[in-house]
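Participant: Residue numbers (the numbering used here): 341 to 663.
Backbone N, C-alpha and C define an ideal beta-carbon position, used for all residues, glycine too.
This one's a predicted model, so the numbers in the text were calculated from it and none came from an experiment.
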Ligand code: GDP
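Structure representation (structure tokens):
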């Protein structure tokens with residue numbers, strides 16, 4: 341593959357080139373991996389910066405509807421929008437919670453938008469890694485906003501928060517007066533909570549739910565680097581479009597604040613550092629499991645540990661000493 345011309349295509353914002361580039365970074369083949377690394381290195385020189393927004397919510401809260409309406413609104417503001425997904429379901433079942441294809445039909449037809457279904461197969465760590473690279477590619481392709489979507493289960497939120505500048509939690513109005521079992525850890529990651537479906541019969545419940553979450557957010561530890569009134573809870577309606585502009589204003593306000601105070605770049609630097617360590621760790625592991633001699637030795641040591649002939653510590657020390 342001609343990496344130079346692919347890089348040029350991506351940098352020119354050509355969506356087909358971008359799609360091919362993402363397929364390349366998602367590939368598990370070793371020769372593809374080195375090309376992917378070359379491509380990412382080449383595109384780093386573009387020095388473009390998108391606003392990376394992580395978006396999480398359980399199935400049914402209206403993520404697709406929200407992204408479609410919000411994405412179209414951004415497009416109407418003259419912005420280019422990319423949508424990526426980290427779907428933890430593909431890891432185990434092969435199925436997809438984020439039922440990709442038919443979603444966001446109008447947004448996917450907009451020439452200013454790019455929607456990429458979540459990569460299938462491999463474990464979550466692998467999916468998250470490749471999605472992070474896809475984010476970098478979208479950024480190099482000149483998109484102004486990259487939305488990274490995930491469902492509210494498992495570890496996918498953490499992975500998405502670690503590749504985003506802002507993290508948004510989407511909720512639906514609660515029936516009763518209980519908070520919807522949102523894990524504290526996820527609440528703590530959120531910069532903005534949006535209670536969707538604030539329209540028609542659901543509006544009053546949405547306003548109540550929003551007030552409940554606003555109260556809950558005030559009880560969480562404050563982030564000294566953010567303005568005092570963040571994290572915030574707002575109501576929106578993907579159906580009527582109400583509140584979407586306000587949500588965008590808040591996202592920009594927070595991003596601008598962080599830029600002005602150096603927290604934006606600091607967060608990215610910390611993320612890059614963590615991803616670098618993860619790459620090395622996973623690369624090492626992959627190398628270990630690919631090497632037949634090491635695999636044979638692992639099998640032998642495993643048997644000896646199981647038989648009680650060696651301690652786990654001793655066996656591990658022997659393996660590591662061999663490297
Ligand atoms: P996802 O599973 O989180 O992607 O949710 P969807 O976008 O597929 O929406 C789930 C259901 O909620 C669908 O029936 C939508 O029509 C409905 N829905 C989504 N957004 C809104 C909204 O703002 N208001 C109302 N009333 N319904 C909505």
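#1: Mind checking which residues open and close the alpha helix (DSSP H) that includes residue 525?
#2: Taking the alpha-carbon positions, what's the residue 349 to residue 412 distance?
#3: From the DSSP output, which residues share a beta bridge with residue 509?
#4: If you drop the 5 nearest sequence neighbours on each side, which residues of the same chain put their C-beta closer than 7 Å to that of residue 504?
#5: By alpha-carbon positions, which one of 535, 512, 490 and 496 ends up nearest to residue 424?
#6: Using C-beta distances below 6 Å, list every residue in its chain close to residue 441, excluding the 5 sequence neighbours before and after it, in chain order.
#7: Where does residue 574 fall in DSSP's three states?
#8: Using a Cβ-Cβ cut-off of 7 Å (strictly less than) and excluding sequence neighbours within five positions of residue 546, which residues of its own chain qualify?
#9: List the DSSP bridge partners of residue 425.
#10: What does residue 454 pair with, by DSSP beta-bridge criteria?
#11: Where DSSP assigns a beta bridge to residue 391, which residues make up the other side?
#12: Considering only heavy atoms of the ligand GDP, does any lie closer than 7 Å to the CB of residue 500?
#13: Start and end of the alpha helix (DSSP H) containing residue 401?
#14: First and last residue of the alpha helix (DSSP H) that includes residue 608?
#15: If you draw a straight line from the C-alpha of residue 607 to the C-alpha of residue 501, how long is it?
#16: In the DSSP assignment, the alpha helix (DSSP H) including residue 417 goes from what residue to what residue?
#17: With a threshold of 7 Å (Cβ to nearest heavy atom), would residue 547 be considered close to the ligand GDP?
#18: Once the 5 residues before and after residue 533 are set aside, which same chain residues still bring their CB inside 6 Å of it?
#19: When we look at the beta-carbon of residue 560 and count the other beta-carbons within 10 Å, is it buried (16 or more) or exposed?
#20: So, for residue 481: in the same chain, excluding its five sequence neighbours on each side, which residues have a beta-carbon less than 6 Å away from its beta-carbon?
#21: Which of the three DSSP states is assigned to residue 431 in this structure?
Facilitator: On the basis of the supplied data:
#1: The residue you call residue 525 lines up with position 185 of the chain shown. First-last of the alpha helix (DSSP H) with residue 525: 524-529.
#2: To locate residue 349, count along the chain shown from 1; it is residue 9. To locate residue 412, count along the chain shown from 1; it is residue 72. In a straight line, the C-alpha of residue 349 is about 24 Å away from that of residue 412.
#3: Residue numbering aside, residue 509 sits at position 169 when the chain shown is read from its first letter. According to DSSP, which records beta bridges pairwise, residue 509 is partnered with 396 and 533.
#4: For the purposes of this step, residue 504 is taken as residue 164 along the chain shown, with counting starting at 1. Within the same chain, residue 504 has close Cβ partners 392, 393, 394 and 488.
#5: Against the chain shown, residue 424 aligns to sequence position 84. Among 535, 512, 490 and 496, the Cα nearest to that of residue 424 is on 490.
#6: For the purposes of this step, residue 441 is identified with residue 101 of the chain shown, where counting begins at 1. Residue placement at residue 441 is flagged as unreliable, the pLDDT there being 49, under the threshold of 50; the coordinate-derived value follows with that caveat. Counting only Cβ-Cβ distances below 6 Å, and skipping sequence neighbours, we find nothing.
#7: Counted from its first residue, the chain shown places residue 574 at position 234. In the structure shown, residue 574 sits in a strand (DSSP, three-state: E or B).
#8: Reading the chain shown from its first residue, position 206 is the one you call residue 546. Same-chain partners within the cutoff: 513, 535, 537, 538 and 575.
#9: Taking the first residue of the chain shown as 1, we reach residue 425 at position 85. Partner(s): 489.
#10: Walking along the chain shown from the start, residue 454 turns up at place 114. Looking at the DSSP assignment, residue 454 forms a beta bridge with 422.
#11: Numbered from its first residue, the chain shown carries residue 391 at position 51. Beta-bridge pairing links residue 391 to 485.
#12: The sequence position of residue 500 within the chain shown is 160, counting from 1. Flag unset: Cβ of residue 500 not near the ligand GDP.
#13: Taking the first residue of the chain shown as 1, we reach residue 401 at position 61. Segment: none, residue 401 is in no alpha helix (DSSP H) and carries neither H nor E.
#14: Taking the chain shown and counting its residues from 1, the one referred to as residue 608 is at position 268. Start and end: 603-630.
#15: Here residue 607 corresponds to residue number 267 of the chain shown, with the count starting at 1. Here residue 501 corresponds to residue number 161 of the chain shown, with the count starting at 1. Between residue 607 and residue 501, the C-alpha separation is close to 11 Å.
#16: Translated into positions along the chain shown, residue 417 becomes position 77. Where residue 417 is concerned, there is no enclosing alpha helix (DSSP H), given that its DSSP letter is neither H nor E.
#17: Residue 547 sits at position 207 when you count from the first residue of the chain shown. Result no, Cβ not under 7 Å from the ligand GDP.
#18: Reading the chain shown from its first residue, position 193 is the one you call residue 533. Contacts found: 509, 553 and 573.
#19: For the purposes of this step, residue 560 is taken as residue 220 along the chain shown, with counting starting at 1. So residue 560 counts as exposed.
#20: Position 141 of the chain shown, counted from the first residue, corresponds to residue 481. So the list reads 350, 353 and 358, once near-sequence residues are dropped.
#21: Position 91 of the chain shown, counted from the start, is the residue given in the question as residue 431. With a pLDDT of 48 at residue 431, under the threshold of 50, the modelled position of that residue is not reliable, and the figure given next carries that caveat. Helix.
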